[in-house]
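*Asks:*
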Amino acid sequence: MGVGPTGLVGREGELAELAAFLDMAGMDGAVLLLTGDPGVGKTALLDATAELAVAKGMRVVRGSGDEYETDISFAGLHQLVGSLPDELGRLPRSTREALEVALGLGAGPAPSQIAVLNAALSLFDEAAKERPLLLVVDDLHAVDQASRAAVGFVARRLGGRRIGLLGAGRTESDESFRSTGLPELEIAPLGDSDALRLLSRRFAHLPRRVLSTVAHEAQGNPLALLEFAGASGGQHGQGAGWASGQGRDVRALYSARVGRLPHRTREVLLLAALEGSGDIGILEAAGGPGGLDGLAPAERDHLVMVAENGRVVRFRHPLVRAAVVDGSTGEQRRSAHRRLADALADQPERRGDHLARATTAPDEAVAAVVESAARSSLRRGDADGAIARLRRAAELSPDRMVRRRRLSQAAYVAAWVAGHLEVSHEIMREVEGDPAARSLSAAATAGFLVLVTEGDADTAHALLMEAIEQAPMSPGPPSGELETALFTLTLASQYSGRPEHWQPLSKVLAQLPAASPAAAASLGRVHHNLGSLTDGMLRRLDEEIARLRDQSDADVVIRTALTASYLDRLPGCREAVSRVIRDGGAVGSSMPALMFVALDDLYTGRWQPSADAADELIALSEEMGYHLFAQVGHYIAAMAAAQRGDLDACRRHCEAVWGWSGPRRLRRLENCAHQAAARAALGAADFETAFRHATAICAPGVLPPFNPEAVWSAPDLVEAAVRTGRHEEARRHADALRDAGVGHLSSRLALSSATVTAMTSAAEDMVRCFEEALALPGVEQWPFEVGHARLVYGEALRRQGLNRDARVQLAAARDRFEELGARSWEARAAAELRATGMTRTGRGKAGEALTPQELEVARLAATGLSNPQIASHLFLSPRTVSSHLYRVFPKLGITSRAGLRDALEALPPELPATGL
Numbered sequence: 003m004g005v006g007p008t009g010l011v012g013r014e015g016e017l018a019e020l021a022a023f024l025d026m027a028g029m030d031g032a033v034l035l036l037t038g039d040p041g042v043g044k045t046a047l048l049d050a051t052a053e054l055a056v057a058k059g060m061r062v063v064r065g066s067g068d069e070y071e072t073d074i075s076f077a078g079l080h081q082l083v084g085s086l087p088d089e090l091g092r093l094p095r096s097t098r099e100a101l102e103v104a105l106g107l108g109a110g111p112a113p114s115q116i117a118v119l120n121a122a123l124s125l126f127d128e129a130a131k132e133r134p135l136l137l138v139v140d141d142l143h144a145v146d147q148a149s150r151a152a153v154g155f156v157a158r159r160l161g162g163r164r165i166g167l168l169g170a171g172r173t174e175s176d177e178s179f180r181s182t183g184l185p186e187l188e189i190a191p192l193g194d195s196d197a198l199r200l201l202s203r204r205f206a207h208l209p210r211r212v213l214s215t216v217a218h219e220a221q222g223n224p225l226a227l228l229e230f231a232g233a234s235g236g237q238h239g240q241g242a243g244w245a246s247g248q249g250r251d252v253r254a255l256y257s258a259r260v261g262r263l264p265h266r267t268r269e270v271l272l273l274a275a276l277e278g279s280g281d282i283g284i285l286e287a288a289g290g291p292g293g294l295d296g297l298a299p300a301e302r303d304h305l306v307m308v309a310e311n312g313r314v315v316r317f318r319h320p321l322v323r324a325a326v327v328d329g330s331t332g333e334q335r336r337s338a339h340r341r342l343a344d345a346l347a348d349q350p351e352r353r354g355d356h357l358a359r360a361t362t363a364p365d366e367a368v369a370a371v372v373e374s375a376a377r378s379s380l381r382r383g384d385a386d387g388a389i390a391r392l393r394r395a396a397e398l399s400p401d402r403m404v405r406r407r408r409l410s411q412a413a414y415v416a417a418w419v420a421g422h423l424e425v426s427h428e429i430m431r432e433v434e435g436d437p438a439a440r441s442l443s444a445a446a447t448a449g450f451l452v453l454v455t456e457g458d459a460d461t462a463h464a465l466l467m468e469a470i471e472q473a474p475m476s477p478g479p480p481s482g483e484l485e486t487a488l489f490t491l492t493l494a495s496q497y498s499g500r501p502e503h504w505q506p507l508s509k510v511l512a513q514l515p516a517a518s519p520a521a522a523a524s525l526g527r528v529h530h531n532l533g534s535l536t537d538g539m540l541r542r543l544d545e546e547i548a549r550l551r552d553q554s555d556a557d558v559v560i561r562t563a564l565t566a567s568y569l570d571r572l573p574g575c576r577e578a579v580s581r582v583i584r585d586g587g588a589v590g591s592s593m594p595a596l597m598f599v600a601l602d603d604l605y606t607g608r609w610q611p612s613a614d615a616a617d618e619l620i621a622l623s624e625e626m627g628y629h630l631f632a633q634v635g636h637y638i639a640a641m642a643a644a645q646r647g648d649l650d651a652c653r654r655h656c657e658a659v660w661g662w663s664g665p666r667r668l669r670r671l672e673n674c675a676h677q678a679a680a681r682a683a684l685g686a687a688d689f690e691t692a693f694r695h696a697t698a699i700c701a702p703g704v705l706p707p708f709n710p711e712a713v714w715s716a717p718d719l720v721e722a723a724v725r726t727g728r729h730e731e732a733r734r735h736a737d738a739l740r741d742a743g744v745g746h747l748s749s750r751l752a753l754s755s756a757t758v759t760a761m762t763s764a765a766e767d768m769v770r771c772f773e774e775a776l777a778l779p780g781v782e783q784w785p786f787e788v789g790h791a792r793l794v795y796g797e798a799l800r801r802q803g804l805n806r807d808a809r810v811q812l813a814a815a816r817d818r819f820e821e822l823g824a825r826s827w828e829a830r831a832a833a834e835l836r837a838t839g840m841t842r843t844g845r846g847k848a849g850e851a852l853t854p855q856e857l858e859v860a861r862l863a864a865t866g867l868s869n870p871q872i873a874s875h876l877f878l879s880p881r882t883v884s885s886h887l888y889r890v891f892p893k894l895g896i897t898s899r900a901g902l903r904d905a906l907e908a909l910p911p912e913l914p915a916t917g918l
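Sequential numbering of the sequence shown, starting at 3, is according to our numbering.
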């Protein structure tokens with residue numbers, strides 16, 4: 003082999019493949035990853051390809067990994083975006099802001115990860131409008147995880163775009179990219195002949211014997227070949243004594259070259275190595291007047307190069323950067339970090355990182371800056387960055403109590419947001435080893451861990467109550483660590499459901515002023531007494547839910563959705579909680595988010611998706627060690643099974659909840675399982691069993707505080723009591739639900755309250771009460787509850803001998819249950835229909851016979867009479883007439899009244915004669 007057109011020796015085959023890659027990228031998009039050992043020539047091939055791309059008229063944007071920035075999210079993407087300021091300014095505002103906030107270039111609500119990835123793709127599309135774009139990313143193995151995700155996202159979506167992505171990474175370090183299936187080109191060492199040819203071209207003055215020895219020692223690695231031979235150049239005539247064998251340290255050779263540079267040059271190189279992005283503006287600000295002039299000797303020695311646009315300085319090889327850092331003293335590095343921190347005053351996270359690295363002794367001022375950077379990270383959705391910065395802030399804290407607080411907060415974020423239980427336990431072991439007094443943050447974290455992993459509400463409650471009672475109470479709403487402790491105490495009391503836990507919480511809540519809907523005090527009050535919520539508080543909650551669209555703090559999303567879940571407002575939270583699940587950066591928060599998605603699907607009749615989400619919640623919770631959350635998954639799965647009529651699945655999930663929660667005395671979870679069991683028994687018409695389970699939640703006529711299942715299961719208890727002849731108990735419970743005042747909270751709770759009132763009303767009021775219940779606005783969004791109301795309405799009508807009207811309600815209930823897939827409930831409605839003398843089942847279909855009353859209604863409607871006129875003529879309600887027509891149209895194969903006359907005339911004489 004010979005010398006390629008770019009001057010590279012022995013790489014003709016690779017260059018040919020790269021040229022073809024550029025042609026494909028310029029026409030239809032392409033991606034290629036170069037892999038190989040360090041020094042094998044990947045960077046040289048990237049450089050050669052970039053030069054060729056420019057010659058072909060492509061635009062080239064470059065970035066590279068930096069081992070000193072692997073813990074900074076999107077540091078690598080920052081380099082690519084920073085090279086395209088004009089294109090960034092042309093993006094739509096929401097797209098531009100997603101990138102700016104994620105990269106720390108702007109302020110605002112943290113965008114979702116998918117929004118950032120899509121924004122990056124849009125930016126590259128914009129950059130490729132006038133001419134094809136080549137993205138070059140070196141050292142992928144050293145790129146931060148968030149940027150690697152962005153590179154992978156873009157790489158898999160280049161088809162049809164005039165964009166090429168060319169990356170390079172070490173073979174042994176690049177597993178996350180190798181597993182994606184993206185095209186790769188492995189770069190092998192040079193053969194012996196090519197190695198000698200390379201050496202002969204660059205070091206023609208060295209004897210053949212020296213070159214052969216170098217080639218043997220370097221084993222075809224181009225970087226080693228050139229550096230070893232270069233190091234031997236001054237020893238010509240001294241034999242091969244310079245060589246140290248196969249393990250010759252190339253980094254040491256770079257260190258020697260760096261060490262020969264002027265002091266001012268080494269200072270600027272150190273700033274560039276520690277800054278990471280190579281931003282000339284930052285280096286100029288950090289280096290002071292004339293500082294960049296010091297780069298010239300390093301450029302002449304081919305250690306660094308400045309990009310064509312003059313905005314970025316780049317090291318020729320990662321080992322050069324490592325050599326620069328290795329050759330500096332600790333004080334020099336700290337001084338460089340301080341200067342970089344000053345230059346990054348408008349980027350709080352990066353400024354905090356550099357200040358932290360510049361500081362060796364505890365310093366509260368620096369620790370406060372780093373803690374502020376952690377809060378910024380959390381707002382951006384970077385939980386891992388927040389944890390790392392809080393831990394560093396704790397290290398820099400002179401005050402032991404403050405140190406414990408910051409460590410505890412890091413542990414809490416690790417457990418609640420990030421889902422890193424091991425990290426949280428590790429931090430807490432460090433906290434508990436400190437003899438200083440327990441802080442609120444430490445109590446909150448310890449309580450949360452013992453609650454979600456072991457289900458130990460007793461220990462969690464004791465830890466938190468002790469800490470909260472000792473904490474000073476300010477006049478305003480709680481904030482900071484007190485708010486976190488109160489929220490965790492509320493969770494412990496909520497899952498416990500026992501008076502000895504919620505009564506002390508109630509006393510604490512009584513001391514607190516009104517707070518935002520997402521605050522712990524609001525959640526506690528909702529949980530304590532649903533009916534106590536005012537319309538003003540509901541409006542505030544609705545406003546908070548509307549703002550979730552722009553909210554990326556997973557903690558705020560989950561807390562708001564938790565309150566909303568008690569008040570039937572989960573649909574408004576759906577997009578935000580789905581974002582928490584989808585982004586994957588907040589694994590801890592994704593488990594509650596899965597709960598809310600599963601509950602939303604359950605309430606709105608999407609039972610298979612609900613069961614799927616519940617199964618995912620169970621599996622994820624068990625895998626991550628959050629066993630408490632798994633029980634919620636079992637409850638939701640049990641409810642979905644109960645309403646679908648899968649009694650075996652319902653029983654299996656209920657027994658899982660009872661088996662885990664019973665020994666731990668988690669009464670609320672036990673009540674949840676009883677609610678599902680009661681619902682399943684009702685569907686199977688086993689009313690005695692349903693009554694037994696419903697009254698395990700609460701006694702008839704009583705809706706205890708801190709027992710939301712008592713409210714939600716009230717219609718089940720009332721129905722079971724009515725059907726087992728316990729009419730007095732049914733009336734007392736219906737009165738209790740009505741007196742609780744929950745009807746104004748949501749249309750579902752309004753329907754529940756009206757339905758139990760109708761079920762227990764006097765015979766002469768029954769029809770009016772049921773009609774009023776079904777006429778409530780907004781109830782159609784709760785399909786199961788509407789079907790249930792129609793079922794019990796039809797049953798009541800049948801018991802009064804009003805079979806004709808009963809059939810209308812029972813048929814509507816049966817059809818609703820059929821649509822939902824509620825098999826046992828559909829069978830129950832069908833059985834009631836048969837009891838009225840109606841033998842056909844199934845919803846009306848084209849070609850089916852009309853019942854006598856349907857035929858009569860259809861004939862009157864065909865004459866032009868309105869529903870109220872027909873109702874008056876036949877002594878029916880207008881709703882009943884509407885229901886008849888709803889079933890007539892599909893039977894006759896028409897969609898409106900206009901087709902009635904012709905369809906009726908076409909009926910054979912015998913068709914309407916069947917049906918009763």
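Built from N, CA and C at the ideal position, the CB exists for glycine as well.
(1) In or out: Glu774 buried (at least 16 other Cβ within 10 Å) or exposed?
(2) Would Val306 pass as a contact of Leu271 if the rule is Cβ separation under 8 Å?
(3) Inspect the beta-carbon positions of Leu793 and Leu812 and report whether they are closer than 8 Å.
(4) With DSSP collapsed to three states, give me the class of Gly171.
(5) When you compare the CB positions of Phe919 and Ala742, do they come within less than 8 Å of one another, or not?
(6) Do Arg323 and His304 come within 8 Å of each other at the CB atom, strictly closer than that value?
(7) Consult DSSP for Arg561 and reduce its assignment to one of helix, strand or coil.
(8) So is Ser279 buried or exposed if we call it buried at 16+ other beta carbons inside 10 Å?
(9) Tell me whether the region 391 to 407 and the region 368 to 380 touch, counting them as touching only if at least three CB pairs, one residue from each stretch, are closer than 8 Å.
(10) State the Cα-Cα distance for the pair Ser337 and Gly354, rounded to the nearest angstrom.
(11) Around the C-beta of Gly31, are 16 or more other C-beta atoms found within 10 angstroms, so that it is buried, or is it exposed?
(12) Going by CA-CA distance only, name the one from Leu168, Ser441 and Leu101 that's closest to Val1006.
(13) Excluding sequence positions up to five away, which residues of its chain have a Cβ less than 8 Å from the Cβ of Thr267?
(14) Return the CA-CA distance between Arg646 and Pro506, expressed in angstroms with no decimal places.
(15) What distance in whole Å lies between the Cβ atoms of Glu373 and Ile346, which are believed to be in contact at a cut-off of 8 Å?
(16) Using a Cβ-Cβ cut-off of 6 Å (strictly less than) and excluding sequence neighbours within five positions of Thr843, which residues of its own chain qualify?
(17) Under the rule that 16 or more other beta-carbon atoms within 10 Å means buried, what is Ala556, buried or exposed?
(18) Would you mind listing the alpha helix (DSSP H) stretches within the region 476 to 560 that are 4+ residues and don't spill past its ends, in chain order?
(19) Which residues bound the alpha helix (DSSP H) around Arg733?
(20) Is Ala396 near Arg377, with beta carbons less than 8 Å apart?
(21) If you reduce the DSSP assignment to three classes, tell me which class Gly844 lands in.
(22) From Arg199 to Arg13, what does the alpha carbon distance come to, in whole angstroms?
(23) Using alpha carbons as the reference points, say which of Leu48, Arg681 and Leu804 lies closest to Ala765.
(24) Just to check my reading of the structure: Leu36 and Leu192 have Cβ atoms closer than 8 Å, yes? What is that Cβ distance to the nearest angstrom?
(25) Check for me: the beta strand (DSSP E) holding Asp140 runs from which residue to which?
(26) Go ahead and label Asn673 buried or exposed: buried means 16 or more other beta carbons lie within 10 angstroms of its beta carbon, across all protein chains shown.
(27) Kindly indicate which residue of Ala77, Gly839 and Glu468 has the alpha-carbon position closest to the one of Asp384.
(28) Considering Ala32, what are the terminal residues of the beta strand (DSSP E) in which it resides?
(29) Would a C-beta distance cut-off of 8 Å place Ala520 and Thr562 closer than the cut-off?
(30) What residue does the alpha helix (DSSP H) around Glu624 start on, and which one ends it?
(31) For the region 523 to 534 against the region 686 to 699, are there 3 or more C-beta pairs whose distance is under 8 Å?
(32) Would you check if the distance between the CB atom of Ala905 and the CB atom of Ile896 is smaller than 8 Å?
(33) Taking the alpha-carbon positions, what's the Ile872 to Leu630 distance?
(34) Can you tell me where the beta strand (DSSP E) with Phe689 in it begins and where it stops?
(35) Less than 8 Å between the C-beta atoms of Leu668 and Tyr637, yes or no?
(36) Thinking just about the alpha-carbon of each residue, which of Lys58, Phe489, Arg551 and Leu835 is nearest to the one in Arg581?
*Replies:* The relevant details are as follows:
(1) The residue given as residue 774 occupies position 772 in the sequence shown. Glu774 should be labelled exposed.
(2) Translated into the one-based positions of the sequence shown, residue 306 becomes position 304. Translated into the one-based positions of the sequence shown, residue 271 becomes position 269. Yes. Within cutoff.
(3) Within the sequence shown, the letter at position 791 stands for residue 793. Within the sequence shown, the letter at position 810 stands for residue 812. In contact: Leu793 and Leu812 (Cβ atoms closer than 8 Å).
(4) Here residue 171 refers to the residue found at position 169 when the sequence shown is read from its first residue. Note: Gly171 maps to strand in three-state DSSP.
(5) The structure shown has nothing for residue 919, since the chain only spans 3 to 918.
(6) Against the sequence shown, residue 304 aligns to sequence position 302. Against the sequence shown, residue 323 aligns to sequence position 321. No, Cβ-Cβ distance for His304 and Arg323 is not below 8 Å.
(7) Here residue 561 is taken as the residue at index 559 of the sequence shown, counted from 1. Looking at Arg561 - three-state DSSP - the assignment turns out to be helix.
(8) As a working mapping, residue 279 is identified with position 277 in the sequence shown. It is buried - the Cβ of Ser279 has at least 16 other Cβ atoms within 10 Å.
(9) yes
(10) Locating residue 337 in the sequence shown gives position 335, counting from the first residue. Locating residue 354 in the sequence shown gives position 352, counting from the first residue. One C-alpha to the other measures close to 15 Å.
(11) In the sequence shown, counting from the first residue as 1, residue 31 sits at position 29. So Gly31 ends up on the buried side.
(12) Lying before the first or after the last residue shown, residue 1006 is absent from the chain, which here runs from 3 to 918.
(13) Taking the sequence shown and counting its residues from 1, one reaches residue 267 at position 265. Closer than 8 Å at the Cβ level, and outside the excluded window around Thr267, lie Gly296, Leu297, Ala298, Pro299 and Ala300.
(14) Translated into the one-based positions of the sequence shown, residue 646 becomes position 644. Translated into the one-based positions of the sequence shown, residue 506 becomes position 504. Arg646 and Pro506: Cα-Cα distance of roughly 40 Å.
(15) Taking the first residue of the sequence shown as 1, we reach residue 346 at position 344. Taking the first residue of the sequence shown as 1, we reach residue 373 at position 371. The question names Ile, but residue 346 in the sequence shown is Leu. That pair is no contact at about 17 Å.
(16) Here residue 843 is taken as the residue at index 841 of the sequence shown, counted from 1. A caution first: Thr843 carries a pLDDT of 38, below 50, which makes its placement in the model too unreliable to give a value.
(17) As a working note, residue 556 is residue 554 in the sequence shown. Buried, by the Cβ-count rule.
(18) The DSSP assignment places 482 to 498, 501 to 512, 522 to 530 and 537 to 549 as complete runs of the alpha helix (DSSP H) inside the region 476 to 560, in order along the chain (cut-off: 4 residues).
(19) For this step, residue 733 is matched to residue 731 along the sequence shown. Unbroken alpha helix (DSSP H) run through Arg733: His729 to Asp741.
(20) Numbered from 1 along the sequence shown, position 394 holds the residue referred to as residue 396. Numbered from 1 along the sequence shown, position 375 holds the residue referred to as residue 377. Their beta carbons are not under 8 Å apart, which means Ala396 does not touch Arg377 by this criterion.
(21) The residue given as residue 844 occupies position 842 in the sequence shown. Residue confidence for Gly844 is low, a pLDDT of 38 falling below 50, so the modelled location carries little weight; the figure read from the coordinates is stated next. Reduced to three states, the DSSP call for Gly844 is coil.
(22) For this step, residue 199 is matched to residue 197 along the sequence shown. For this step, residue 13 is matched to residue 11 along the sequence shown. Distance between the alpha carbons of Arg199 and Arg13: 12 Å.
(23) Counting from one through the sequence shown, the residue named residue 765 turns up at place 763. Measuring from the Cα of Ala765, the nearest candidate turns out to be Leu804.
(24) Here residue 36 refers to the residue found at position 34 of the sequence shown. Here residue 192 refers to the residue found at position 190 of the sequence shown. Contact check for Leu36 and Leu192: beta-carbon distance about 15 Å, past the 8 Å limit, so the pair fails to qualify.
(25) Reading the sequence shown from its first residue, position 138 is the one you call residue 140. Per DSSP, Asp140 belongs to the beta strand (DSSP E) from Leu135 to Asp140.
(26) Along the sequence shown, one-based indexing puts residue 673 at 671. With 16 or more Cβ atoms within 10 Å of its Cβ, Asn673 is classed as buried.
(27) By 1-based counting over the sequence shown, the position of residue 384 is 382. Measuring from the Cα of Asp384, the nearest candidate turns out to be Ala77.
(28) Along the sequence shown, one-based indexing puts residue 32 at 30. Taken as a continuous stretch (DSSP letters only), the beta strand (DSSP E) holding Ala32 covers Ala32 to Gly38.
(29) Taking the first residue of the sequence shown as position 1, residue 520 is located at position 518. Taking the first residue of the sequence shown as position 1, residue 562 is located at position 560. Yes, Cβ-Cβ distance for Ala520 and Thr562 is below 8 Å.
(30) Numbered from its first residue, the sequence shown carries residue 624 at position 622. Its alpha helix (DSSP H) spans residues Trp609 to Met626.
(31) no
(32) If you number the sequence shown from 1, residue 905 lands on position 903. If you number the sequence shown from 1, residue 896 lands on position 894. The answer is yes: Cβ separation under 8 Å.
(33) The residue labelled residue 872 in the question sits at position 870 within the sequence shown. The residue labelled residue 630 in the question sits at position 628 within the sequence shown. Each residue's Cα considered, the two are about 57 Å apart.
(34) Counted from its first residue, the sequence shown places residue 689 at position 687. No beta strand (DSSP E) holds Phe689; the alpha helix (DSSP H) holding it covers Phe689 to Ile699.
(35) The residue you call residue 668 lines up with position 666 of the sequence shown. The residue you call residue 637 lines up with position 635 of the sequence shown. No. Outside cutoff.
(36) On the sequence shown, position 579 is the one that residue 581 refers to. Ranking the options by Cα distance to Arg581, first place goes to Arg551.
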